[in-house]
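These protein sequence lines map, in sequence, to chains X and R. For the first sequence, position 21 matches number 21 in full-length UniProt numbering, and the numbering has no gaps at all. For the second sequence, position 229 matches number 229 in full-length UniProt numbering, and the numbering has no gaps at all. Each residue gets a CB set at the ideal place from its N, CA and C atoms; glycine is no exception.
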Amino acid sequence: MQGRRHAPPWWFTLPALLLFAFVVLLPSARGLHYAVTDWDGLNPDFTVVGLDNFTAMADDPDAFGAVRHTLVVAVAITVLQNGLGLLLALGVNSAIKSRDVLRVLLFAPAMIAQIVTAYLWRNLLGPDGAVNSALGAIGLGGLRRDWLGDPDLALWMIVLVVVWQYAGYSMVIFLAGLQSVPKEIYEAAAIDGTGPVRRFWSIIRPLLAPALTINLMLSIIGGLKLFDQVYAMTGGGPGHATDTISTLIYKEAFTLGEFGYSIALAVVLTVIVAVASGAQYTVLSRGERAAS
Amino acid sequence: MNRYSPRTLALEVVMIAVAAVFAFPVYVLVNLAVRAPSDTSSPIAPTSSPTLGNFAGAWREAGLGGALINSVVVTAASVLIVLVVSSLAAYPLARSAARWSRGTFLLIMLGLVLPFQLASLPLYQTVRDLGLLGSVWSLVLFYSGLQVPFTTFLYVGFLRALPRDFEDAAQLDGATPLSTYRYVILPMLKPITVTALVLNAVSVWNDFFTPLLYLSGSTQQTVPVAIAGFVGQYVSDWNLIFAALLISIVPVLAVYLALQRHIINGFAGGLKG
């Protein structure tokens with residue numbers, strides 16, 4: 001071994017560590033403290049109320065609804081965005097002539113600010129919006145409605161917009177996985193007369209495992225933190241039909257002055273994100289090992 | 001294989017149809033942005049006499065000029081800082097097997113799981129006490145720290161896969177650790193730096209929650225906050241709003257189209273790590 005080799009000095013990590021500690025670590029720790037207080041965000045005097053904020057959540061239908069909506073949205077986005085992303089990736093990985101143009105076009109929405117695409121869709125889905133006009137134009141006028149004004153539909157419309165924006169993102173990551181499949185394997189399988197379904201299941205799927213892991217992690221964490229789209233499209237309404245934990249955090253802190261309660265909600269969100277990503281990581285890394 | 005068969009043609013037709021559905025909102029966006037407010041025909045009917053008047057109005061009323069400058073300053077400064085501190089930190093974190101190194105890495109990776117709401121609400125108080133509310137520099141500070149975990153993660157993964165030969169040779173030649181970082185490590189990190197630059201720039205440029213908190217009610221705004229304020233003010237004048245949305249999208253799409261090959265490969269490659 002090379003005894004002369006010395007590791008780079010520890011203080012190289014110092015600038016990153018200080019910034020990270022000041023901006024993320026210490027405020028998060030303070031957040032854990034505020035979560036057990038009745039702080040209003042302004043008054044320097046506040047009292048520790050123990051777990052009152054958390055027990056209050058159990059009696060708060062809005063908080064319950066927000067947790068439920070957050071979970072529904074995160075699961076729906078994860079399933080739909082990755083399902084569609086995988087189909088698109090298989091499509092643009094084929095021999096079609098338009099594949100380069102389609103890749104660029106389908107990924108483009110992922111570059112645009114979420115708040116911007118959300119305002120665009122708020123108009124499209126309105127009573128006089130383009131979606132209703134298009135339905136009328138293709139003879140499905142009976143389906144016309146106020147998509148965001150209907151409490152049963154609004155949450156699903158938000159899911160639709162996220163999937164529209166990020167299916168191309170999943171596609172690109174799956175595509176990278178598909179292109180790591182050596183051409184010879186396809187050719188050998190084609191010569192052996194392996195059908196497309198069999199080919200997908202026994203050759204492509206195992207090699208896609210790393211791309212799937214990344215895609216699932218990104219979409220579930222993104223879905224759990226969803227804020228911009230809800231803020232811009234429905235503001236959490238109608239009523240509280242589309243409030244997520246993130247929008248409720250914002251409302252409790254900045255329109256109701258309930259900072260302590262708001263941060264307690266953020267703590268709940270943290271726990272959900274940690275549990276979801278931890279569980280997912282465990283399951284998927286086991287799957288990846290089994291597949292390889 | 002890969003000959004252009006009837007089956008491929010069918011797939012081509014299906015994929016183009018799907019892409020058309022994906023592009024439909026953008027068609028409506030452009031169509032309404034060039035339409036005079038007096039024209040009340042269906043939003044999907046092509047505008048008969050297009051006008052550019054909405055763009056002038058939106059530019060003036062939404063304060064997009066100042067917001068674009070603020071967004072450029074915030075994005076450029078935050079991304080530069082985060083790339084420098086993260087690549088510098090990644091060097092010992094990737095190369096040292098010591099306990100402090102593994103511990104520090106895990107501590108920083110904790111930041112990947114913590115939702116930003118948890119940190120940004122208490123930090124709001126600090127920013128206020130420092131008198132930085134309403135200033136774009138509060139955002140530079142915030143993003144510089146917030147983006148450290150993800151960027152360090154990318155750099156450490158990339159660096160671990162690189163051989164040590166060059167840096168060992170440089171050390172044998174008497175290079176200090178700092179000059180080894182500067183002249184050996186940094187050039188080798190170039191591919192992942194481009195990826196990290198794009199990923200960070202996109203998330204900083206597009207972020208809305210934090211500037212909404214730190215800049216609301218001030219004259220300094222970033223593009224997403226300016227857009228939200230504008231929509232709130234001109235709530236029913238959608239031709240004007242769409243013109244503002246389009247203006248805000250153009251710089252992003254221009255950069256994207258110019259770099260798309262690189263961005264698409266980098267996104268996938270960088271995340272594959």
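Cβ pair residue i, residue j closer than 8 angstroms
{"i": "residue 121 of chain X", "j": "residue 233 of chain X", "result": "yes"}
{"i": "residue 263 of chain X", "j": "residue 121 of chain R", "result": "yes"}
{"i": "residue 23 of chain X", "j": "residue 110 of chain R", "result": "no"}
{"i": "residue 284 of chain X", "j": "residue 213 of chain X", "result": "yes"}
{"i": "residue 224 of chain X", "j": "residue 273 of chain X", "result": "yes"}
{"i": "residue 12 of chain R", "j": "residue 96 of chain X", "result": "yes"}
{"i": "residue 29 of chain X", "j": "residue 53 of chain X", "result": "no"}
{"i": "residue 227 of chain X", "j": "residue 244 of chain X", "result": "yes"}
{"i": "residue 65 of chain R", "j": "residue 59 of chain R", "result": "yes"}
{"i": "residue 281 of chain R", "j": "residue 82 of chain R", "result": "Outside the displayed range of chain R (1 to 273) lies residue 281 of chain R, so it cannot be described from this structure."}
{"i": "residue 130 of chain X", "j": "residue 43 of chain R", "result": "yes"}
{"i": "residue 247 of chain X", "j": "residue 155 of chain X", "result": "no"}
{"i": "residue 239 of chain X", "j": "residue 151 of chain X", "result": "yes"}
{"i": "residue 82 of chain X", "j": "residue 216 of chain X", "result": "yes"}
{"i": "residue 105 of chain X", "j": "residue 19 of chain R", "result": "yes"}
{"i": "residue 219 of chain X", "j": "residue 170 of chain X", "result": "yes"}
{"i": "residue 241 of chain R", "j": "residue 119 of chain X", "result": "yes"}
{"i": "residue 116 of chain R", "j": "residue 146 of chain R", "result": "yes"}
{"i": "residue 70 of chain R", "j": "residue 233 of chain R", "result": "no"}
{"i": "residue 312 of chain R", "j": "residue 29 of chain R", "result": "This structure does not reach residue 312 of chain R, given that chain R is present from 1 up to 273, and the question cannot be answered."}
{"i": "residue 116 of chain X", "j": "residue 102 of chain X", "result": "no"}
{"i": "residue 78 of chain R", "j": "residue 193 of chain R", "result": "no"}
{"i": "residue 263 of chain R", "j": "residue 248 of chain R", "result": "no"}
{"i": "residue 158 of chain X", "j": "residue 230 of chain X", "result": "yes"}
{"i": "residue 153 of chain X", "j": "residue 144 of chain X", "result": "no"}
Integer Cβ distance of residue i from residue j, believed to fall under 8 angstroms
{"i": "residue 274 of chain R", "j": "residue 214 of chain R", "result": "With chain R represented from 1 up to 273, any question about residue 274 of chain R goes unanswered, as that position is not in the structure."}
{"i": "residue 12 of chain X", "j": "residue 155 of chain R", "result": "Residue 12 of chain X to residue 155 of chain R, Cβ: 12 angstroms. No contact."}
{"i": "residue 85 of chain R", "j": "residue 16 of chain X", "result": "4 angstroms"}
{"i": "residue 205 of chain R", "j": "residue 32 of chain R", "result": "Not a contact, Cβ separation roughly 24 angstroms."}
{"i": "residue 152 of chain R", "j": "residue 89 of chain R", "result": "6 angstroms"}
{"i": "residue 230 of chain R", "j": "residue 243 of chain R", "result": "At roughly 10 angstroms, the Cβ-Cβ gap does not stay under 8 angstroms, so residue 230 of chain R and residue 243 of chain R are not in contact."}
{"i": "residue 41 of chain R", "j": "residue 134 of chain R", "result": "Their Cβ separation, rounded to whole angstroms, is 43 angstroms, which puts residue 41 of chain R and residue 134 of chain R out of contact at 8 angstroms."}
{"i": "residue 94 of chain R", "j": "residue 7 of chain X", "result": "In fact, because the Cβ distance is near 10 angstroms, the residues do not count as touching under 8 angstroms."}
{"i": "residue 209 of chain X", "j": "residue 31 of chain X", "result": "In fact, because the Cβ distance is near 35 angstroms, the residues do not count as touching under 8 angstroms."}
{"i": "residue 111 of chain X", "j": "residue 27 of chain R", "result": "With 8 angstroms as the limit, residue 111 of chain X and residue 27 of chain R do not qualify as a contact, their Cβ atoms being about 18 angstroms apart."}
{"i": "residue 147 of chain X", "j": "residue 125 of chain X", "result": "4 angstroms"}
{"i": "residue 203 of chain X", "j": "residue 190 of chain X", "result": "No, residue 203 of chain X and residue 190 of chain X are not in contact; Cβ-Cβ is about 11 angstroms, not under 8 angstroms."}
Opening and closing residue of the alpha helix (DSSP H) in which residue i lies
{"i": "residue 215 of chain X", "result": "209-224"}
{"i": "residue 208 of chain R", "result": "Unbroken run through residue 208 of chain R: none, as it is neither H nor E."}
{"i": "residue 157 of chain X", "result": "154-179"}
{"i": "residue 229 of chain X", "result": "228-233"}
{"i": "residue 22 of chain X", "result": "Per DSSP, residue 22 of chain X belongs to no alpha helix (DSSP H) and is neither H nor E."}
{"i": "residue 196 of chain X", "result": "196-199"}
{"i": "residue 11 of chain R", "result": "6-33"}
{"i": "residue 107 of chain R", "result": "99-109"}
{"i": "residue 247 of chain X", "result": "245-254"}
{"i": "residue 230 of chain R", "result": "223-233"}
{"i": "residue 54 of chain R", "result": "53-62"}
{"i": "residue 185 of chain X", "result": "183-191"}
Identified DSSP bridge partners for residue i
{"i": "residue 79 of chain R", "result": "In DSSP, residue 79 of chain R forms no bridge with anything."}
{"i": "residue 48 of chain X", "result": "X/37"}
Residue i: contacting residues in chain A (beta-carbon distance under 8 angstroms)
{"i": "residue 144 of chain R", "result": "No chain A appears in the structure shown, which is made up of the protein chains X and R."}
Whole runs of the alpha helix (DSSP H) within the region 87-132 of chain X, excluding any shorter than 4 residues: Counting whole runs of 4 or more residues, the region 87-132 of chain X contains the alpha helix (DSSP H) stretches 99-107 and 114-124.
Which runs of the alpha helix (DSSP H) spanning at least 4 residues fall entirely within the region 123-206 of chain R, listed in chain order? Runs found: 136-146, 148-160, 165-172, 177-180 and 190-206.
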